[in-house]
Amino acid sequence: MKTMDVCKDINCVRAFIKNIKQQFKTVGFVPTMGYLHEGHMSLVKASKKMCDITVVSIFVNPKQFGPKEDYSKYPRNLERDLGLLEEAKVDMVFMPDIDTIYPEDFSTTINIGPLANVLEGAFRPGHFDGVCTVVTKLFNIVKPDKAFFGEKDYQQLKIIQKLVKDLNLDIEIIPIPTKREEDGLAMSSRNTYLNQDERRRASSIYRFLLKAKESFEGGIKDTDKIIEYAKAALDVDAVDYIKIVDKETLEEKTTPSKYDRILIAVRIGSTRLIDNIEI
Ligand code: AMP
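Next comes the structure, spelled out in structure tokens:
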């Protein structure tokens, strides 16, 4: 049985990919920050289904964390991750060190413009520059035919699609629906930060989203009224934002229409959680 390749350096990835391309096989790519859960694994499954070879990267990207964010305490468990990926029959895992991705003289940043400054970008300045910079590098290293991104991080998905379009990258971005726990909480590596009471309250985020959708479908066509109605379901400590936006441009809607997207970011204790659904 073929075992999974694990590469820590870029030459190792390039040699692997060169060999694959010589065989005219297609490459699917799933970039992650590790601490894998079923959400990540649904991206892997989709890649396995659509592509000949599946590559997963594990890299906690320091450039997408703000100075006061959780970079150093972000959960990590490489051994467990590798076990899950091996079990899923992933072909190659790229898990570079920080110096491999950002050598001392590294200085380029990718900024895709206004889309990166709204919603998450307004609360996490520079976050999407960090995301776009690392994803561009990973794309150039892995040279995938298709790359898989979760709708869980909806703005990120739209930004990566724009990046690929603007820079004419020859990669197809495949969106994958959000995987949820039984009570509706979107799976996230950050859920491990929640204590029992916080975890219970976190399920109110999805109930809020469903209630908002229900009120829209019930005939309320005003964003403020939809949010006001649904907010009774929400049991969190603080709301960073709740917006209904156009699903492509992410422009705010005061009178939403079908297929718009409702996005929410909240804090429960010291944990920040995001979620979204189609309205
Ligand atoms: P992360 O490791 O958090 O950077 O996520 C890596 C990829 O997995 C991103 O494309 C995420 O959008 C995706 N992802 C994270 N959580 C979920 C989820 N619950 N369902 C589907 N995809 C997810």
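In this text, residue positions in the sequence shown follow numbering that gives the first Met the number 0: the first is 0, and each later residue adds one.
C-beta atoms are modelled at their ideal positions from N, C-alpha and C, and glycine is treated no differently.
So the candidates are the options; which of them puts its Cα closest to the Cα of residue i?
i: I273; options: A201, A231, E216; result: A201
i: K145; options: V133, K151, I159, L84; result: I159
i: K142; options: Y153, I172, F127; result: I172
i: N110; options: E216, F127, V59; result: F127
i: G82; options: K136, S106, Y34; result: Y34
i: S56; options: D234, V43, G65; result: V43
i: P61; options: A14, K72, D245; result: K72
i: Y153; options: D104, P176, V134; result: P176
i: G125; options: G65, D69, H39; result: G65
i: M91; options: D51, P102, T99, V59; result: D51
i: I100; options: N167, I278, N10; result: N10
i: R271; options: A211, R199, N190; result: N190
i: K280; options: E68, K1, N275; result: Residue 280 lies beyond the residue range present for the chain, which begins at 0 and ends at 278; the question has no answer from this structure.
i: E181; options: R198, L168, N167, D169; result: R198
i: T132; options: S106, D259, D69, R123; result: S106
i: P255; options: E277, D234, V235; result: E277
i: V89; options: I204, D104, P30, K246; result: P30
i: Y205; options: D259, V5, V235, P174; result: V235
i: H36; options: L168, K151, G268; result: K151
i: V280; options: F93, Q195, N116, T108; result: The question about residue 280 has no answer here: the residues shown for the chain are numbered 0 through 278.
i: A211; options: L233, I19, Y192, L193; result: L233
i: G38; options: P174, L209, G268; result: P174
i: S269; options: A14, D69, T25, K17; result: D69
i: T108; options: V134, D98, F122; result: V134
i: G217; options: K257, F122, D196, A237; result: K257
i: G112; options: E213, L193, L166, R260; result: L166
i: A87; options: K1, F122, I140, N116; result: K1
i: K67; options: R260, N139, R123; result: R123
i: A14; options: A121, I140, M40, L209; result: I140
i: D98; options: L168, F58, D196; result: F58
Please report the Cβ distance between residue i and residue j, rounded to the nearest whole angstrom; I am assuming they are in contact, meaning their Cβ atoms lie under 8 Å.
i: L114; j: K161; result: 6 Å
i: Q63; j: G129; result: 3 Å
i: F148; j: L137; result: Their Cβ separation, rounded to whole angstroms, is 12 Å, which puts F148 and L137 out of contact at 8 Å.
i: M32; j: L84; result: Incorrect: roughly 14 Å between the Cβ atoms, too far for contact.
i: F28; j: V54; result: 5 Å
i: F215; j: K230; result: No, F215 and K230 are not in contact; Cβ-Cβ is about 14 Å, not under 8 Å.
i: D96; j: K7; result: 7 Å
i: I16; j: V5; result: Incorrect: roughly 14 Å between the Cβ atoms, too far for contact.
Which two residues bound the contiguous beta strand (DSSP E) that contains residue i?
i: V5; result: 4–6
i: I52; result: 52–57
i: R260; result: 260–267
i: R271; result: 270–277
i: A237; result: 237–244
i: F105; result: Careful: F105 lies outside any beta strand (DSSP E) and carries neither H nor E.
i: V92; result: 91–93
Assuming residue i is part of the alpha helix (DSSP H), what are its boundary residues?
i: D223; result: 222–229
i: D128; result: 126–141
i: K210; result: 203–216
i: D98; result: 97–100
i: A121; result: 119–122
For residue i and chain C, any beta-carbon pair shorter than 7 Å?
i: G65; result: No chain C appears in the structure shown, which is made up of a single protein chain.
Shorter than 6 Å, the distance from the beta carbon of residue i to the closest heavy atom of the ligand FMN, or not?
i: K20; result: No copy of the ligand FMN appears in this structure; the ligands present are the ligand AMP.
Cβ contact (3+ pairs, closer than 8 Å) linking the stretch 213–229 and the stretch 181–193: no
Completely contained beta strand (DSSP E) runs for the stretch 10–82, where each covers 3 or more residues: 26–31, 52–57
Segments of 4+ residues assigned as alpha helix (DSSP H) that fall wholly inside the stretch 148–184: 153–165
contact_flag[the stretch 38–47, the stretch 247–255] where n(CB pairs < 8 Å) is 3 or more: no
Validate contact between the stretch 69–80 and the stretch 223–241 using beta carbons, cut 8 Å, 3 pairs: no
Cβ contact check for the stretch 257–273 and the stretch 232–241: 3 or more pairs under 8 Å: yes
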